[in-house]
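**Q** Mind having a look at this structure? Questions to follow.
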Amino acid sequence: MDRLRQGKLLLHQVVLFGVLLILTGARLLMGRWEIDLYLLWWWLGALLGFSFIFLDRLYYAFWQHPEETLSIKMKDLIARGELVKGLVSVLEERTDQTKLAMRSVLFLGAWVVLGIFALTSVGAPFGRGFMLGMGLHLVFDLLADYFDRGRDVRLWFWQIRRELSEPEVRTVVWGFVILFVLIGWGL
């Protein structure tokens, strides 16, 4: 079980750096960028944006549901001075945390609006990278939940009052993936 959890965290990192390297290489080859501070700020923004999505797990554990087993376990680990182990346990445990603020269809919609704004109106590389990193993490988790039958993708729809059909869920998932690719390519 621990190897599987470590694998998920490692896969997050591989996807993040893989996509950033592909986008960087493509833009350098097309002559859109040069190797300078712009590139450094863009990478830094993407790394922080990707990491930002993990904050909803910490919010859930510390403030939203501090009485749950995972929250208590994490607090105990941190109290014993095992900060990294405590944070990793919260970031890797996905099944207990069901109503995450950033893992919702409404937040996906907000990201699309902000992504379009960043694409059309933000010139700062940090801001563009931040939005790319956030979107990359969201699309990664959404697809992981969609294809992993152990974790229900319907948890992304917890703010919606009715049960969505399978075609509706599929439309939302693939619609967001397509929007992410279109917006992300320009960020």
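Quick note: the sequence shown uses the numbering used here, first residue 5, plus one each step. Heads up, the beta-carbon is just placed ideally off N, CA and C, and yes, glycines get one too.
#1: Suppose contacts are defined by Cβ-Cβ distances below 8 Å. Is residue 129 in contact with residue 189 by that definition?
#2: Which residue from 26, 25, 78, 109 puts its Cα closest to that of residue 145?
#3: Please state whether the Cβ-Cβ distance between residue 53 and residue 136 is less than 8 Å.
#4: Cβ of residue 157 within 8 Å of Cβ of residue 181?
#5: If you compare alpha carbons, which of 76, 51, 20, 121 is closest to residue 62?
#6: Thinking just about the alpha-carbon of each residue, which of 106, 66, 102, 47 is nearest to the one in residue 56?
#7: Using three-state DSSP, classify residue 151 as helix, strand or coil.
#8: Roughly how many angstroms lie between the CA atoms of residue 143 and residue 184, to the nearest whole one?
#9: Thinking just about the alpha-carbon of each residue, which of 140, 191, 89 is nearest to the one in residue 127?
#10: Would you report the Cα separation of residue 171 and residue 179, rounded to the nearest angstrom?
#11: Taking a contact to mean a Cβ-Cβ separation below 8 Å, would you say residue 64 touches residue 13 in this structure?
#12: Can you list the alpha helix (DSSP H) stretches of 4 or more residues lying completely in the region 64-113, in chain order?
#13: Please say whether residue 152 and residue 159 have beta carbons closer to each other than 8 Å?
#14: Look up residue 138 in the DSSP assignment and say whether it is helix, strand or coil.
#15: Ignore the nearest five residues each way along the sequence and tell me which others in residue 112's own chain have a CB closer than 7 Å to its CB.
#16: Express the C-alpha separation of residue 60 and residue 39 in angstroms, rounding to a whole number.
#17: Please state whether the Cβ-Cβ distance between residue 87 and residue 187 is less than 8 Å.
#18: Give the DSSP-derived three-state secondary structure of residue 121 in the structure shown.
**A** Quick look at the numbers:
#1: As a position in the sequence shown, residue 129 is number 125, starting the count at 1. As a position in the sequence shown, residue 189 is number 185, starting the count at 1. Contact: no.
#2: Position 141 of the sequence shown holds residue 145. The candidate whose alpha carbon is nearest that of residue 145 is 109.
#3: What you label residue 53 is simply residue 49 of the sequence shown in a count that begins at 1. What you label residue 136 is simply residue 132 of the sequence shown in a count that begins at 1. Result yes, Cβ atoms of residue 53 and residue 136 sit closer than 8 Å.
#4: Working through the sequence shown from its first residue, we reach residue 157 at position 153. Working through the sequence shown from its first residue, we reach residue 181 at position 177. No, the pair does not count as a contact, with Cβ atoms beyond the cut-off.
#5: Walking along the sequence shown from the start, residue 62 turns up at place 58. Closest by alpha carbon: 76.
#6: Indexing the sequence shown from 1 puts residue 56 at position 52. Ranking 106, 66, 102, 47 by Cα distance to residue 56 puts 106 first.
#7: Position 147 of the sequence shown, counted from the start, is the residue given in the question as residue 151. If DSSP states are grouped into helix, strand and coil, residue 151 belongs with the helices.
#8: Locating residue 143 in the sequence shown gives position 139, counting from the first residue. Locating residue 184 in the sequence shown gives position 180, counting from the first residue. In a straight line, the C-alpha of residue 143 is about 7 Å away from that of residue 184.
#9: Locating residue 127 in the sequence shown gives position 123, where the first residue counts as 1. Measuring from the Cα of residue 127, the nearest candidate turns out to be 191.
#10: Looking up residue 171 in the sequence shown gives position 167. Looking up residue 179 in the sequence shown gives position 175. Cα-Cα distance, rounded: 12 Å.
#11: Counting from 1 along the sequence shown, the entry for residue 64 is found at position 60. Counting from 1 along the sequence shown, the entry for residue 13 is found at position 9. It is not a contact, given that the beta carbons lie outside the stated cut-off.
#12: 73-83, 87-96
#13: In the sequence shown, counting from the first residue as 1, residue 159 sits at position 155. In the sequence shown, counting from the first residue as 1, residue 152 sits at position 148. Result no, Cβ atoms of residue 159 and residue 152 do not sit closer than 8 Å.
#14: For the purposes of this step, residue 138 is identified with residue 134 of the sequence shown, where counting begins at 1. Residue 138: helix per DSSP, three-state reduction.
#15: Here residue 112 corresponds to residue number 108 of the sequence shown, with the count starting at 1. Hits under 7 Å: 142, 180.
#16: For the purposes of this step, residue 39 is taken as the residue at position 35 of the sequence shown. For the purposes of this step, residue 60 is taken as the residue at position 56 of the sequence shown. Their Cα atoms are separated by approximately 34 Å.
#17: Here residue 87 refers to the residue found at position 83 of the sequence shown. Here residue 187 refers to the residue found at position 183 of the sequence shown. Going by C-beta atoms, residue 87 is not nearer than 8 Å to residue 187.
#18: Position 117 of the sequence shown, counting from 1, holds the residue named residue 121. Three-state result, residue 121: helix.
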